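One structure is given here, and the rest of the page talks about it.
What follows is the structure in structure tokens.
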């Protein structure tokens, strides 16, 4: 079995086989591409679980169209697979991130349903035993996300990996509670995509986002899902993607209310909360076991934080993970005396490893969505801490233009499994303080926090993705840039002189501040009038904060009090969702979504899903 990583380019490519569409139309196929997925699964490369989802669907739904040899190879792959970390055997797989957990549990559960009496060779358990083991984990995963939202919030990469297993559970699960709750979670993911899309593209602040998908909505991994669900994009489907499972589903229909929300060009202010902070986990996930508290920490990618390190090392030793590509360096601190005396949290605080920033904590997101632009921020997300793949603010303009800034980081490791973040455009080396109110984002960078163990050379500049050539008009001043695209305007104001370099703007220094102000012809009149407004405002930027006064408000942004408006403190922690379409409290028992005479009511404890209009309703039980 493989223990080395094949790299992102291979493992994130061709997760399905295009001929599956022909099978769905009851046609026989050339099985070469299907068999390549079997080989990938058998090698236990990272992301083999993605391919296993496809093999399970193919075996269950299209077996009669396959040759006997291929049927046998798929069966053997299913029965020989390693479905969780506590099973024996070497592998190169990541099991623990939020999306991977659901995929592995779904694969194990459905594989056990297909072969209930068979013995699975890797651990000697029967299919029935695997069903019972995986069912509990699926229930926990669904419950936690209904309660707290997604850890990998608003990810236009990993929502595809969540939607695929949910779709397969809806199609194949025998337990109707799992079916209904999987539908609920699929509803909520699609609601996110409906709320946070601009001009059809789902590109917003996110817990995990990559360079290509941040810069161009057309490159996002969820576009096939958006087209199928909402009909708002115009491109050819790519049936090598994992989203193919959603494209082919016959057992799920997007609720009308979510479809209608997706069509709205102007959605107003949207506030939301997703996930938990590390300090909250022990209070919310009280069962201190590997599979409960441990896996919630690991879904957050929280391995080497003071709050999680004791649990990490317990799992590492209990499940013998010394050879895992992603975890093998934990051996540096795997000393029995440190564990016995519970000194690991203190050691982590002393070492201050840069890996602490990998943890994805609670995000309180703020969105200002107009027909001309969308501005979005993760409010005051752990400023001055290390970062990883978190995408903290973004301005989306017409024509698939997206502006954002980062403090370029460097990966902490060189091996292919871990060498892609943080990086030049992915995440941040050091997180800024970012706060938003309506059409303005205020950003403060302090690049002087204490050096971290494993941290590479820290850069002393920040930069902004800014493709100058796509704008209709650009006006450059010493510390300010004004941009116009169609009827949309943007002002970028910096505390220091900036430097242009291709499609980016760089600002050098250890203390940098900037203000982003969006506008439009509808809000501000002409482009000249928009510029004139900025020139009449009082703006002061120092290393301690930002003060701005316009004709409507005064704003104070600082490290100790992130946001004050008109001398009043503005709280930045939000309920689960606050919008024109739903008011959802944190840790909800039920969720109501309403718009234009249509609605959706989800009751988790009662396990009911009601899709309704003013005249009637349809209930899934």
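In my numbering, the protein residues as written are 33 to 653.
We put the beta carbon where it would ideally sit given N, CA and C, even for glycine.
Keep in mind it's a predicted model, so treat the numbers as computed, not measured.
Looking at the unbroken beta strand (DSSP E) that takes in residue 394, where does it start and where does it end? Position 362 of the chain shown, counted from the first residue, corresponds to residue 394. Counting along the chain, residue 394 falls outside any beta strand (DSSP E), and DSSP gives it neither H nor E.
Got a sec? Which residues, its chain only, sit under 6 Å from residue 209 by beta carbon, not counting five neighbours each side? For the purposes of this step, residue 209 is identified with residue 177 of the chain shown, where counting begins at 1. Closer than 6 Å at Cβ, skipping near neighbours: 639.
Smallest Cα separation from residue 606: which of 617, 460, 524 and 197? As a position in the chain shown, residue 606 is number 574, starting the count at 1. Answer by Cα proximity: 617.
Which residue spans inside the stretch 143–223 form an unbroken alpha helix (DSSP H) run of at least 4? 159–180 and 190–204
Helix, strand or coil, according to DSSP, for residue 424 in the structure here? Within the chain shown, residue 424 is the residue found at index 392, counting from 1. Looking at residue 424 - three-state DSSP - the assignment turns out to be coil, as it is neither helix nor strand.
Thinking C-beta only, is residue 239 closer than 8 Å to residue 265? Sequence index remark: in the chain shown, residue 265 carries index 233 (1-based). Sequence index remark: in the chain shown, residue 239 carries index 207 (1-based). Cβ atoms of residue 265 and residue 239: not closer than 8 Å.
Quick test of your reading: residue 654 and residue 473, contact by CB under 8 Å. State the CB separation rounded to the nearest angstrom. With the chain represented from 33 up to 653, any question about residue 654 goes unanswered, as that position is not in the structure.
DSSP on residue 94, reduced to helix/strand/coil? Taking the first residue of the chain shown as position 1, residue 94 is located at position 62. Helix, per DSSP.
Pull up the distance between the alpha-carbon of residue 368 and that of residue 375, whole angstroms please. Stepping through the chain shown from its first residue, residue 368 is reached at position 336. Stepping through the chain shown from its first residue, residue 375 is reached at position 343. Spanning the two alpha carbons is a distance of roughly 10 Å.
First and last residue of the alpha helix (DSSP H) that includes residue 294? Position 262 of the chain shown, counted from the start, is the residue given in the question as residue 294. Where residue 294 is concerned, the enclosing alpha helix (DSSP H) stretches over 288–295.
Give the DSSP-derived three-state secondary structure of residue 307 in the structure shown. For the purposes of this step, residue 307 is taken as residue 275 along the chain shown, with counting starting at 1. In this structure, residue 307 counts as coil in the three-state DSSP scheme.
Using CA atoms only, rank isn't needed, just tell me which of 126, 598, 591 and 74 is closest to residue 357. Position 325 of the chain shown, counted from the first residue, corresponds to residue 357. That would be 126, whose Cα lies nearest to the Cα of residue 357.
Considering only residues of the stretch 565–651, which uninterrupted beta strand (DSSP E) runs meet the minimum length of 3 residues and lie entirely inside it, listed in chain order? 570–574, 577–581, 586–590, 622–627, 630–635 and 640–645
Report the three-state DSSP secondary structure of residue 42 (helix, strand or coil). Locating residue 42 in the chain shown gives position 10, counting from the first residue. Helix.
Buried or exposed for residue 629, please, with buried defined as at least 16 other CB atoms from any protein chain shown within 10 angstroms of its CB. On the chain shown, residue 629 is found 597 positions in, with the first residue counted as 1. With fewer than 16 Cβ atoms within 10 Å of its Cβ, residue 629 is classed as exposed.
Taking the alpha carbon of residue 161 as the point to measure from, which residue in 45, 101 and 150 has its own alpha carbon closest? Numbered from its first residue, the chain shown carries residue 161 at position 129. Checked all of 45, 101 and 150; the closest Cα to residue 161 is 150.
Nearest-angstrom Cα separation, counted from residue 313 out to residue 438: The residue labelled residue 438 in the question sits at position 406 within the chain shown. The residue labelled residue 313 in the question sits at position 281 within the chain shown. Approximately 28 Å, taken between the alpha carbons.
With DSSP collapsed to three states, give me the class of residue 68. Start at 1 with the first residue of the chain shown, and residue 68 comes out as number 36. Helix, per DSSP.
Confirm, please, whether the CB-CB distance from residue 94 to residue 55 is below 8 Å. The sequence position of residue 55 within the chain shown is 23, counting from 1. The sequence position of residue 94 within the chain shown is 62, counting from 1. Yes.
Straight-line CA distance for residue 211 to residue 624? Your numbering for residue 211 matches position 179 in the chain shown. Your numbering for residue 624 matches position 592 in the chain shown. Between residue 211 and residue 624, the C-alpha separation is close to 19 Å.
Per DSSP, cross-strand counterpart(s) of residue 478: Mapped onto the chain shown, residue 478 falls at position 446. 543, per the DSSP bridge assignment.
Helix, strand or coil at residue 139 [DSSP, three-state]: In the chain shown, residue 139 corresponds to position 107, counting from 1. In the structure shown, residue 139 sits in a helix (DSSP, three-state: H, G or I).
Burial state of residue 529, where buried means 16 or more other Cβ atoms lie within 10 Å: Walking along the chain shown from the start, residue 529 turns up at place 497. By the neighbour-count rule (16 or more Cβ atoms within 10 Å), residue 529 is not buried but exposed.
By a C-beta neighbour count over all protein chains shown, 10 Å radius and 16 as the cutoff for buried, is residue 482 buried or exposed? Within the chain shown, residue 482 is the residue found at index 450, counting from 1. Its Cβ having fewer than 16 others within 10 Å, residue 482 is exposed.
Apart from the five residues just before and just after residue 190, which ones in its own chain have a Cβ nearer than 6 Å to its Cβ? Position 158 of the chain shown, counted from the start, is the residue given in the question as residue 190. Excluding sequence neighbours, residue 190 sits near 131, 184 and 240.
Euclidean distance between Cα positions of residue 564 and residue 557: Along the chain shown, one-based indexing puts residue 564 at 532. Along the chain shown, one-based indexing puts residue 557 at 525. Cα to Cα, residue 564 sits roughly 11 Å from residue 557.
Are there 16 or more other CB atoms within 10 angstroms of the CB of residue 631, so buried, or fewer, so exposed? Here residue 631 refers to the residue found at position 599 of the chain shown. Its Cβ being crowded by 16 or more others within 10 Å, residue 631 is buried.
What do you reckon, are the CB atoms on residue 486 and residue 391 nearer than 8 Å? By 1-based counting over the chain shown, the position of residue 486 is 454. By 1-based counting over the chain shown, the position of residue 391 is 359. No, they are not a contact pair.
Sorted by chain position, which residues of the same chain lie with C-beta nearer than 6 Å to residue 512's C-beta, five sequence neighbours on each side aside? Here residue 512 corresponds to residue number 480 of the chain shown, with the count starting at 1. Once the five neighbours on either side are set aside, the close Cβ partners of residue 512 are 525.
Between residue 46 and residue 227, what straight-line distance do the alpha-carbon atoms span, to the nearest angstrom? Within the chain shown, the letter at position 14 stands for residue 46. Within the chain shown, the letter at position 195 stands for residue 227. Distance between the alpha carbons of residue 46 and residue 227 is about 29 Å.
Can you give the Cα-Cα distance for residue 671 and residue 283, rounded to whole angstroms? Because the chain here runs from 33 to 653, residue 671 falls outside it and cannot be looked at.
Among residues of its own chain, excluding the 5 on either side of residue 637, which ones have a beta-carbon nearer than 7 Å to its beta-carbon? Sequence index remark: in the chain shown, residue 637 carries index 605 (1-based). 621, listed in sequence order.
Can you tell me which of the three DSSP states residue 471 falls into? Here residue 471 refers to the residue found at position 439 when the chain shown is read from its first residue. Three-state result, residue 471: coil.
Please confirm whether residue 469 and residue 587 have their CB atoms less than 8 Å apart. Locating residue 469 in the chain shown gives position 437, counting from the first residue. Locating residue 587 in the chain shown gives position 555, counting from the first residue. Taking 8 Å as the Cβ cut-off, residue 469 and residue 587 qualify as a contacting pair.
Boundaries of the alpha helix (DSSP H) in which residue 554 is found, first to last residue: The residue you call residue 554 lines up with position 522 of the chain shown. Unbroken alpha helix (DSSP H) run through residue 554: 553–556.
Between the CA atoms of residue 546 and residue 478 - distance to the nearest angstrom: Against the chain shown, residue 478 aligns to sequence position 446. Against the chain shown, residue 546 aligns to sequence position 514. Distance between the alpha carbons of residue 478 and residue 546 is about 12 Å.
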